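If you read the sequences in order, they're chains R and F.
Quick note: to get our numbering, add 4 to the position in the first sequence (first position is 1).
Quick note: to get our numbering, add 11 to the position in the second sequence (first position is 1).
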Amino acid sequence: MWLVPKQIETLWTLFTAPVVWAAHFLVCYIGAAIYCAKPELVGLSFTAVRAGIAAATVIALSLIALSAWLAWRQWGFGTDDPPHDDPTRRDRTLFQGFATLLLSGLSFIAVIFTAMPALFVTECIR
Amino acid sequence: MSGAVKERSPEEYKAQEERLRAVWANPAGWRYWTSVNNYQIGLWYGSAAFAFMLFAGVLALMMRLQLAVPDNDFLSADFFNQAFTLHGTAMMFLFAVPIFEAVAIFLLPPMLGAREMPFPRLGAFSFWSFLLGGIFVCGSIFFNAAPSAGWFMYPPLATDKEFSGIGADIWLLGLSFIEVASIAAAVELIVGIMKCRAPGMRINLMPLFAWYLLIVAGMILFAFPPLIAGDLLFEMERMFDWPFFDAARGGDPLLWQHLFWIFGHPEVYIIFLPAIALMAMIVPTFSQRPIVGYSWIVLAAVGTGFLSFGLWVHHMFATGLPQISLAFFSAASEAVAIPTGVQIFVFIATMLAGRVIFSTPMLFGAGGLAIFVIGGLTGVMVALAPFDWQAHDTYFIVAHLHYVLIGGMLFPVVAGLYYYYPLIDAKKLSDRLGRLAFWLMFGGFNIAFFPMHLSGLRGMPRRVFTYPAEIGWDWLNLISTAGAFIFAAGVLVVGFDVLRPKHRQPRGEFNPWNAGTLEWISEPEENWGVRSIPIVRSRYPLWDQRDLARKVNEGRYYLPDAEEGWREGLVTTVLDAEPIQVLRVGGTSHVTIVSALSLGAAFIALTFHWWIATALAAIICFCAVIYWLWTGTGEIPEKPEKDAGLGLSLPLYASGPDSVGWWAMFITMAGDGTAFASLVFGYFFYWTIHADFTAGIAGPDAVWSLLAASLFAAAWGLMLAARTFNRRGATATMRGLLVLSLLTTVAASVTGLAAPLSPGMDPTRHVYPAIVWILVIWVLAHAALGTVMQAYCLARSLAGRLTPKHDLDLSNVVLYWHFLLIAAVITFAIIGLFPAAM
Numbered sequence: 005m006w007l008v009p010k011q012i013e014t015l016w017t018l019f020t021a022p023v024v025w026a027a028h029f030l031v032c033y034i035g036a037a038i039y040c041a042k043p044e045l046v047g048l049s050f051t052a053v054r055a056g057i058a059a060a061t062v063i064a065l066s067l068i069a070l071s072a073w074l075a076w077r078q079w080g081f082g083t084d085d086p087p088h089d090d091p092t093r094r095d096r097t098l099f100q101g102f103a104t105l106l107l108s109g110l111s112f113i114a115v116i117f118t119a120m121p122a123l124f125v126t127e128c129i130r
Numbered sequence: 012m013s014g015a016v017k018e019r020s021p022e023e024y025k026a027q028e029e030r031l032r033a034v035w036a037n038p039a040g041w042r043y044w045t046s047v048n049n050y051q052i053g054l055w056y057g058s059a060a061f062a063f064m065l066f067a068g069v070l071a072l073m074m075r076l077q078l079a080v081p082d083n084d085f086l087s088a089d090f091f092n093q094a095f096t097l098h099g100t101a102m103m104f105l106f107a108v109p110i111f112e113a114v115a116i117f118l119l120p121p122m123l124g125a126r127e128m129p130f131p132r133l134g135a136f137s138f139w140s141f142l143l144g145g146i147f148v149c150g151s152i153f154f155n156a157a158p159s160a161g162w163f164m165y166p167p168l169a170t171d172k173e174f175s176g177i178g179a180d181i182w183l184l185g186l187s188f189i190e191v192a193s194i195a196a197a198v199e200l201i202v203g204i205m206k207c208r209a210p211g212m213r214i215n216l217m218p219l220f221a222w223y224l225l226i227v228a229g230m231i232l233f234a235f236p237p238l239i240a241g242d243l244l245f246e247m248e249r250m251f252d253w254p255f256f257d258a259a260r261g262g263d264p265l266l267w268q269h270l271f272w273i274f275g276h277p278e279v280y281i282i283f284l285p286a287i288a289l290m291a292m293i294v295p296t297f298s299q300r301p302i303v304g305y306s307w308i309v310l311a312a313v314g315t316g317f318l319s320f321g322l323w324v325h326h327m328f329a330t331g332l333p334q335i336s337l338a339f340f341s342a343a344s345e346a347v348a349i350p351t352g353v354q355i356f357v358f359i360a361t362m363l364a365g366r367v368i369f370s371t372p373m374l375f376g377a378g379g380l381a382i383f384v385i386g387g388l389t390g391v392m393v394a395l396a397p398f399d400w401q402a403h404d405t406y407f408i409v410a411h412l413h414y415v416l417i418g419g420m421l422f423p424v425v426a427g428l429y430y431y432y433p434l435i436d437a438k439k440l441s442d443r444l445g446r447l448a449f450w451l452m453f454g455g456f457n458i459a460f461f462p463m464h465l466s467g468l469r470g471m472p473r474r475v476f477t478y479p480a481e482i483g484w485d486w487l488n489l490i491s492t493a494g495a496f497i498f499a500a501g502v503l504v505v506g507f508d509v510l511r512p513k514h515r516q517p518r519g520e521f522n523p524w525n526a527g528t529l530e531w532i533s534e535p536e537e538n539w540g541v542r543s544i545p546i547v548r549s550r551y552p553l554w555d556q557r558d559l560a561r562k563v564n565e566g567r568y569y570l571p572d573a574e575e576g577w578r579e580g581l582v583t584t585v586l587d588a589e590p591i592q593v594l595r596v597g598g599t600s601h602v603t604i605v606s607a608l609s610l611g612a613a614f615i616a617l618t619f620h621w622w623i624a625t626a627l628a629a630i631i632c633f634c635a636v637i638y639w640l641w642t643g644t645g646e647i648p649e650k651p652e653k654d655a656g657l658g659l660s661l662p663l664y665a666s667g668p669d670s671v672g673w674w675a676m677f678i679t680m681a682g683d684g685t686a687f688a689s690l691v692f693g694y695f696f697y698w699t700i701h702a703d704f705t706a707g708i709a710g711p712d713a714v715w716s717l718l719a720a721s722l723f724a725a726a727w728g729l730m731l732a733a734r735t736f737n738r739r740g741a742t743a744t745m746r747g748l749l750v751l752s753l754l755t756t757v758a759a760s761v762t763g764l765a766a767p768l769s770p771g772m773d774p775t776r777h778v779y780p781a782i783v784w785i786l787v788i789w790v791l792a793h794a795a796l797g798t799v800m801q802a803y804c805l806a807r808s809l810a811g812r813l814t815p816k817h818d819l820d821l822s823n824v825v826l827y828w829h830f831l832l833i834a835a836v837i838t839f840a841i842i843g844l845f846p847a848a849m
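Encoded structure:
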């Protein structure tokens, strides 16, 4: 499977899903703010903004799902239960996988939270 | 790497111990204050923060007296304004944030099984900066010159010199100075936690306190720089009339609100997470079992750290932003309740799974959590924009924020004080006084602050200095005042308990609470942190590794000696904590005090526009820092490796990403880059609010701009080449390239200056030239610093302190140049090309 990245040894993978959340949040906020400040710039309707948010949300959720799957793999597909507190490289890896999986879950929910206003707000009212 | 482990005679052990003690000893007499040891710095830092807290508390009591009855004239309106501004400012900047830098500096090294933080002198510098800045800001009230525009200093009130005198400058410059101290502490904490843990302490075994502090230090790095950028804009407006927040000349007060709250909301979690971190240490001890859900706590800490950056606009719900923007922030504000709740459930689960001992620390912890939960629930209420429009700027908010901060921060801190006091003095604080203090504080707090919800819902606005009798706020305020004094009595009991003489009390046992984590090995009488650096195999080594404490104290682990007379610790890998280097850290020194005080003097002189004094102080500071770097960093060791004990031989020098210095530079520049990004945000913010943000003013010349960017890129390329040639041993070529790069940088700076200068942009005329100028000045100031670094490397090379094998200085400077290049290219591309593209 060349599509699936190899397992890498770094602390930074822990932050993948929250970074995706942050990027999605900024895209939604900045996009809507610019549209509401300068609607003539792009010449589209607010529906287009909502569609854009929907697209960004689908991309963000897919990325988080991928990060969750990678984390699940790092966690050994759940073969071992926490607390993962043995002084071994294996338990350290399992801990990383589990914590990353939990963060992916939280980020998934938070992205949905961020996207929900686009369901209800239909114009740039202040 | 390994050899035979030698058995040593008792005399040899004794000699080792004496050498180690001598190396780590504090100087005697007045030179005691030049100590940089983490115990002293932590203790001073914490004591100073508590003193500022008591000062700010007295201001609060004065305000409560004033508000006790309607139409009171105990305080004048102006003094009341100064009092509440200074109360909020001091509690936030001089108590809540620094107390955790203090606790972290004090606790982290022993908790991680390290001897010291990686940059002890930086910690000392941070403390002295904080102390001077704090005294300056607080002292202003005795001269009737304190800031008076509220702790978030909103323009246009705070930019108007008629309504806010020198107090606003004192706030801006005094606090900018303290923010520098916080960022210095953050650098120290991140590097310390990632690189200086005891061997074997893999990240799945790290104490939760360290996890929290790692996240918090990262948050400081991204939260404080936007405020520093905001302070810069603000002070340019006050000092030189650049109209960043003046609507008449294209500015906008809302930009300040954005920058302030991008800092201000994460700040709440920067305060709250370390307090919860203390709870994560206390709860397992008094449940006598490991924490339930370690990974869940990590989830909560990281999750809260991120989400807290998506909340800032909920302080601006009433400013007329588009509803969709408000809704995004409302959603994130609700989402942050999830990780916050997880932590509380983890504590409850741990208590249920163990046998709980109800001690004084647990009492304060549990009481604090109960208060915090109430504050959290009102937080969920005000996170809803329609409710917030009703409650905005009323006493409901005052009640909410005090429930969150006192429950989520002050009570856990007092819990931590009762828990960790034996590490300071080898004696416990009084259980009876502790319980008395708790009930006074818990009762007094609720009596003081619960009625504020009601006075807020009855429409009482915050920050009024008095109110008429007939609107139904009087008895609520009277109750609040009574409660505030009961609460203060509780705080006094804690203060008395800490300060009362305890010499008749016998010395307590080691580890009096039977805790499981490493910090309880350290002895208050010794300065070395740990007698020898242990190998850790558990999350609770004192519970699971039965002979660990004995073997540590017998010096049977790493670095039990100081043969060469250096203060030494181990550097380990990030994930698995495998030892990779013996790190020699700086010892006792005056240079930290001189640099902190001269930097402070520069800021203070600037407040009063004493230009010559400012320049003099800045020059002294510059010389002190150069002296500090030259004599105390990047030292070439007398031998490449040393025996660290247990048959392990480790290098004494590292350069590039393997070294702690490189990480410190990287982290500092990440913060610096955030401040730059905030200025760029400002540029585009002005673009969004105006139909034509240039207001018809001719912008920077595109050719000059692009030329400047190219010259900066060339200077950067020369630096890369210099590093490469140095590593190949071509020292002369490296020196030539350094000189060439320096000259190119000067040319780039002159060209960059020409970009806004050639069309004659006047920064006082309109915000567009002002924001262009500030971006250019930012890059040029960094370029000037870059040339100093180039000259420094050249001098180090000529002095034989920078060699092909020992190139720490050069590789750190090249790292700086990566960031400088990014800032220069972005700046000149934006100012030169963006107006034409729009």
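C-beta: ideal position from N, C-alpha, C; glycine also.
Everything numeric in this text was worked out from a predicted model, so none of it was measured.
- A direct Cα-to-Cα measurement between W621 (chain F) and F614 (chain F) gives close to 10 Å.
- In terms of Cα proximity to A114 (chain R), the closest of R:A52, R:F29 and R:T51 is R:F29.
- In this structure, F:M230 is the residue among F:V824, F:M230 and F:P662 with its C-alpha nearest to the C-alpha of P277 (chain F).
- Residues of the stretch 313-340 of chain F whose Cβ lies closer than 9 Å to any Cβ of chain R, in chain order: V313, G314, G316, F317, L318, F320, G321, V324, G331, L332, P333, Q334, I335, S336, L337, A338, F339 and F340.
- Sequence-distant Cβ neighbours of R473 (chain F) in its own chain, meaning closer than 7 Å and more than five residues away, are D404, T405, Y406, I408 and V409.
- Excluding residues up to 5 positions away in sequence, I490, A493, G494 and I497 lie with their Cβ nearer than 7 Å to the Cβ of I458 (chain F) in the same chain.
- Spatial neighbours of H817 (chain F) in its own chain (CB-CB distance under 8 Å, excluding positions within 5 residues in sequence) are listed in chain order as G645, I647, Y664 and S666.
- DSSP places Q334 (chain F) in the uninterrupted alpha helix (DSSP H) bounded by Q334 to A346.
- Secondary structure within the stretch 473-545 of chain F: the alpha helix (DSSP H) runs of 4 or more consecutive residues, fully enclosed, are 485-510 (chain order).
- When C-alpha distances from L123 (chain R) are compared across R:E13, R:I38 and R:A55, the shortest belongs to R:A55.
- Residue environment for S769 (chain F): exposed (fewer than 16 other C-beta atoms within 10 angstroms of its C-beta).
- Near chain R, meaning a CB-to-CB distance below 9 Å, the residues of the stretch 291-316 of chain F are P301, I302, V303, G304, Y305, S306, W307, V309, L310, A311, V313, G314 and G316.
- The criterion of a C-beta distance shorter than 8 Å is satisfied by S543 (chain F) and Y569 (chain F).
- As DSSP reads the structure, P662 (chain F) sits in a beta bridge with F:E652.
- Not a single CB atom of chain F sits nearer than 8 Å to the CB of T51 (chain R).
- Cβ contact annotation for A338 (chain F) (same chain, cutoff 8 Å, sequence separation greater than five): A396, in chain order.
- Taking a cut-off of 8 Å on C-beta distances, the stretch 96-114 of chain R touches the stretch 294-309 of chain F, as three or more cross pairs fall below it.
- Taking a 10 Å sphere around the C-beta of K206 (chain F), we find 16 or more other C-beta atoms and assign the residue as buried.
- The alpha-carbon of I63 (chain R) is positioned some 10 Å away from that of I57 (chain R).
- Per DSSP, P767 (chain F) is one residue of the alpha helix (DSSP H) stretching across T742 to L768.
- Sorting F:W539, F:S298 and F:Y431 by C-alpha distance to the C-alpha of P131 (chain F) places F:W539 at the top.
- By DSSP's assignment, T798 (chain F) forms no beta bridge with any residue.
- Nearest neighbour of I204 (chain F) by Cα position, chosen from F:V191, F:L219, F:E190 and F:A192, turns out to be F:L219.
- For P131 (chain F), the enclosing alpha helix (DSSP H) starts and ends at P131 to G150.
- Boundaries cannot be given for P218 (chain F), as no alpha helix (DSSP H) includes it and DSSP labels it neither H nor E.
- Here the alpha carbon of F736 (chain F) sits roughly 36 Å from the alpha carbon of A228 (chain F).
- Per DSSP, the continuous alpha helix (DSSP H) segment holding T642 (chain F) begins and ends at W622 to G643.
- When Cβ-Cβ separations below 8 Å define contact, P350 (chain F) makes contact with chain R.
- Nearest CB-CB separation between G211 (chain F) and chain R: below the 8 Å threshold.
- Contact of T699 (chain F) with chain R is assigned, a C-beta pair being separated by under 8 Å.
- For R578 (chain F), the enclosing beta strand (DSSP E) begins and ends at R578 to T583.
- Put simply, of F:V582, F:V541, F:P590 and F:L586 the residue whose alpha carbon is nearest the alpha carbon of R567 (chain F) is F:V541.
- Listed along chain R, the residues sitting closer than 8 Å to E345 (chain F) by beta-carbon distance are F117.
- No Cβ of chain F is located within less than 8 Å of the beta carbon of F112 (chain R).
- Within the model, the alpha-carbon separation for N49 (chain F) versus I116 (chain F) is close to 6 Å.
- Proximity of the stretch 280-297 of chain F to the stretch 365-383 of chain F meets the contact definition, three or more beta-carbon pairs being nearer than 8 Å.
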